Amino acid sequence: MATKLAVRNLNKHFDELEVLRNIDLEVADGEFVSIVGPSGCGKTTFLRIVDGLESYDSGEVLIDGRAVTKPGPDRAFVFQSDALQPWRTVWNNAAIGLEIQHRLNAPERERLRGLLELVGLKGFEKFYPRQLSGGMRQRVNLARALAVHPEVLLMDEPFAALDAQTREIMQTELLRIWTQARSTVLFITHQIDEAVYLSDRVLVFGRRPGIVQESITIDLERPRPTSVKRTPKFTEYVGHIWGLIEVAVRESVMEETLLAK
Amino acid sequence: MAQATSLPVGATLTHAERRQRAAVRRGLSRAAFTWGSVIAGLAIWQFIGVYVVKNSLFLATPVASIMAVGDLWAKGEMQKNMIVSFEEFAIGFAIAIVAGIFVGLLTASFEPVKLILTPWISGFYASPIIALAPLLILWFGVGIWSKIAVVISLVIFPMIINTEAGIIHTDASLIEAARSFGATRLQIFTKVALPSAAPYILAGLRLGVGRGLIGVVVGELAGARAGLGFLINNASQVFNMPQLFAGVIVLALAGIIMTAFFQRLEIVLVPWKPR
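Those protein sequence lines, which keep their order, are chains A and B. First residue of the first sequence: 0, per numbering that gives the first Met the number 0; consecutive thereafter. First residue of the second sequence: 0, per numbering that gives the first Met the number 0; consecutive thereafter.
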């Protein structure tokens with residue numbers, strides 16, 4: 000398959016702190032790739048660089064061979080905090096990307112209607128964010144990103160704030176939507192089982208500085224029923240990845256505890 | 000079903016109708032508190048005026064004051080003065096809002112402008128500008144422009160401060176989200192910062208009503224040929240307490256009505272805000 004995103008020798012510092020070192024990776028068109036790693040491994044910074052929200056020191060970030068310098072209509076970001084405008088209704092929140100890009104015409108409106116239905120928000124178009132549950136707000140967040148037809152969807156721990164059950168539902172929903180939208184996805188998460196369940200490939204980031212420690216191809220047949228999470232193969236993947244990051248996670252937890260004191 | 004037979008009226012109502020009736024009942028009971036408070040206050044005032052103070056030189060009763068309002072109205076004097084005061088208030092208030100929002104947007108958007116203007120804004124906001132009213136009369140004459148100047152000087156600073164605060168408190172994650180869709184600076188301003196500042200700006204308007212009314216009266220007290228402040232001043236010089244209170248009552252009513260108007264405006268313009 001064709002390469003969608005190519006990152007070569009990417010380096011990034013925040014002042015003295017080295018955040019990312021020699022990140023080198025390729026993501027194929029339509030691939031679902033998750034990034035896991037301990038706090039402080041630079042995974043969010045990496046995602047922001049790919050979106051063009053953050054600059055980088057050296058290296059290359061290419062989408063379809065073109066260098067990324069600023070946010071563009073070919074990418075969309077799904078934020079951890081839903082970042083919905085409280086004064087806009089569900090519909091107007093979902094439409095804001097199209098509005099900003101001056102593409103909100105009749106066919107796009109029709110498509111957006113279908114999209115809101117796809118994410119399960121039909122009938123809630125006129126609601127304000129404060130009237131919605133956390134899970135529904137994240138659906139709006141997702142619809143807003145999908146509305147601009149992104150070729151690359153960048154998701155930064157979108158389900159982190161949800162309770163465990165809503166999270167499970169959202170995972171299966173996301174896979175269903177992704178099967179239809181067929182965009183390339185870069186997905187950050189702290190949950191290793193979430194990463195394994197969703198992805199074609201899991202990238203494990205190491206910390207201080209952030210490096211790509213390992214890339215694990217998840218060879219599980221799609222569509223994946225939730226029961227796949229209880230198969231030996233699945234738990235083996237999860238165990239392997241946990242083994243890779245356990246030491247680093249312990250370090251980062253210790254550090255945070257010390258800082259808190 | 001036993002419940003339904005014991006409640007024959009309620010049983011025929013749909014759920015929505017019952018909810019609507021409950022809302023109406025709640026609204027009525029809230030109105031009862033508001034009006035009860037006003038009427039009780041007036042009753043206590045009347046009681047003190049009639050049985051405690053007795054001398055109408057020291058305190059006019061509400062009944063006497065309201066009769067004075069009617070009297071002045073019949074003579075056409077009340078309307079004449081109200082129109083003058085309202086004109087001064089409206090022009091001053093409008094100029095102060097437009098200029099205040101404009102300056103607030105500038106100080107919030109451009110660091111140097113903020114650095115240059117902030118000491119002056121905080122200084123004028125906190126200082127008793129009212130004391131300068133006689134000076135403004137000297138500069139602008141006894142006509143309406145001196146009063147407009149007083150109103151502007153009282154209303155503009157809270158407008159500037161509120162507008163600036165509203166823009167500055169825009170949620171950073173909302174700006175980031177707009178930026179991720181490639182929003183320009185102007186788009187971030189119009190689609191994110193401005194709507195997010197709207198509740199602050201409306202709160203500034205409500206604050207401005209009271210300050211503006213004070214401005215009108217103070218300006219007129221310092222020297223005028225007409226207006227409610229002029230009417231109050233004349234009444235106090237001849238110790239006509241009912242007439243003095245008549246002017247005060249009309250001003251208070253204006254304050255209540257206008258504040259209520261801006262509260263309504265807030266419900267219309269920021270329907271998304273939890274109340």
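Cβ coordinates follow ideal geometry from the N, Cα and C atoms, glycine included. Quick caveat: nothing in here was measured; it's all calculated off a predicted structure.
Contact between VAL237(A) and ILE217(A) does not hold, since the beta-carbon distance rounds to 10 Å and is not under 8 Å.
For the set LEU16(A), VAL18(A), GLU25(A) and HIS12(A), the Cα lying nearest the Cα of ALA5(A) is the one of GLU25(A). In its chain, beyond the 5 residues on either side, VAL118, GLY119 and ARG138 have a beta carbon closer than 8 Å to the beta carbon of GLU172(A). When CB distances to chain A are screened at a threshold of 9 Å, the residues of the stretch 259-271 of chain B falling below it are VAL269, PRO270 and TRP271, in chain order. For VAL191(B), the closest C-alpha among the options GLU98(A), GLY71(A), PRO70(A) and VAL184(A) is that of GLU98(A). Under the three-state reduction of DSSP, LEU9(A) is assigned to strand. Distance from the CA atom of GLY211(B) to the CA atom of ALA93(B), rounded to whole angstroms, is 10 Å. According to the DSSP secondary-structure assignment, ALA182(B) is paired through a beta bridge with no residue. For ALA27(A), the secondary structure class from DSSP, reduced to helix, strand or coil, is strand. Taking a C-beta distance under 9 Å as the contact criterion, VAL215(B) and VAL149(B) qualify as a contact pair. Between SER126(B) and ALA251(B), the alpha-carbon positions lie close to 24 Å from each other. Against chain A, a Cβ distance below 8 Å from GLY181(B) picks out LYS69, PRO70, GLY71, PRO72, ILE99 and GLN100. A contact between stretches requires three or more CB pairs, one per stretch, nearer than 8 Å, and the stretch 222-238 of chain A fails this requirement with the stretch 34-47 of chain A. Taking 7 Å as the Cβ-Cβ cut-off, the stretch 126-147 of chain A approaches chain B at TYR127, ARG129 and VAL147, given in chain order. Taking the C-beta atoms as reference points, GLU59(A) is found nearer than 9 Å to LEU9(A). In the three-state reduction of the DSSP assignment, ALA146(A) falls in the coil class, being assigned neither a helical nor a strand state. Membership of GLN100(A) in any beta strand (DSSP E) is not indicated, and neither H nor E is assigned to it by DSSP. Only SER172, LEU173, GLU175, ALA176, ALA177, ARG178, SER179, PHE180, GLY181, ALA182, GLN186, LYS190, VAL191, PRO194, SER195 and ALA197 from the stretch 171-204 of chain B bring a Cβ to less than 8 Å from some Cβ of chain A. Contacts between PRO85(A) and chain B, judged by CB atoms closer than 7 Å, involve TRP271 in chain order.
At a C-beta separation below 9 Å, LEU114(A) has no neighbours in chain B, since its nearest C-beta there lies roughly 15 Å away. Between GLN100(A) and PHE180(B) a beta carbon distance of about 6 Å is seen, short of the 8 Å cut, so the two are scored as contacting. Minimum Cα-Cα distance from GLN186(B) among the listed residues GLY96(A), HIS239(A) and PRO208(A) corresponds to GLY96(A). Distance from the CA of VAL247(B) to the CA of GLU163(B), rounded to the nearest whole angstrom, comes to 33 Å. The three-state reading of DSSP puts LEU16(A) in strand, counting E and B together. Residue pairing from DSSP places SER57(A) in a beta bridge opposite ASN10(A). The stretch 127-147 of chain B makes no contact with the stretch 71-80 of chain B, as fewer than three CB pairs between them are under 8 Å. Chain B places a beta carbon closer than 9 Å to that of ASP50(A), counting this residue as a contact.
In this structure, the straight-line span from the alpha carbon of SER195(B) to that of PRO128(A) is close to 14 Å. Contact between the stretch 46-60 of chain B and the stretch 223-234 of chain B is absent: fewer than 3 CB-CB pairs across the two stretches fall below 8 Å.
In the assembly as shown, THR68(A) is an exposed residue. Its beta-carbon has fewer than 16 other beta-carbons within 10 Å.
Between ILE34(A) and chain B, the shortest Cβ-Cβ separation is not below 9 Å. Between the alpha carbons of GLY226(B) and MET66(B) lies a gap of roughly 19 Å. With a 10 Å radius around the Cβ and a threshold of 16 neighbouring Cβ atoms, VAL68(B) comes out buried. Using a CB distance cut-off of 9 Å, ALA93(A) does not count as an interface residue toward chain B. Sixteen is the threshold: when 16 or more other Cβ atoms of the shown chains lie within 10 Å of the Cβ of TRP177(A), as they do, the residue is buried. Contiguous beta strand (DSSP E) elements confined to the stretch 63-101 of chain A occur at 74-77, taking only those with 3 or more residues.
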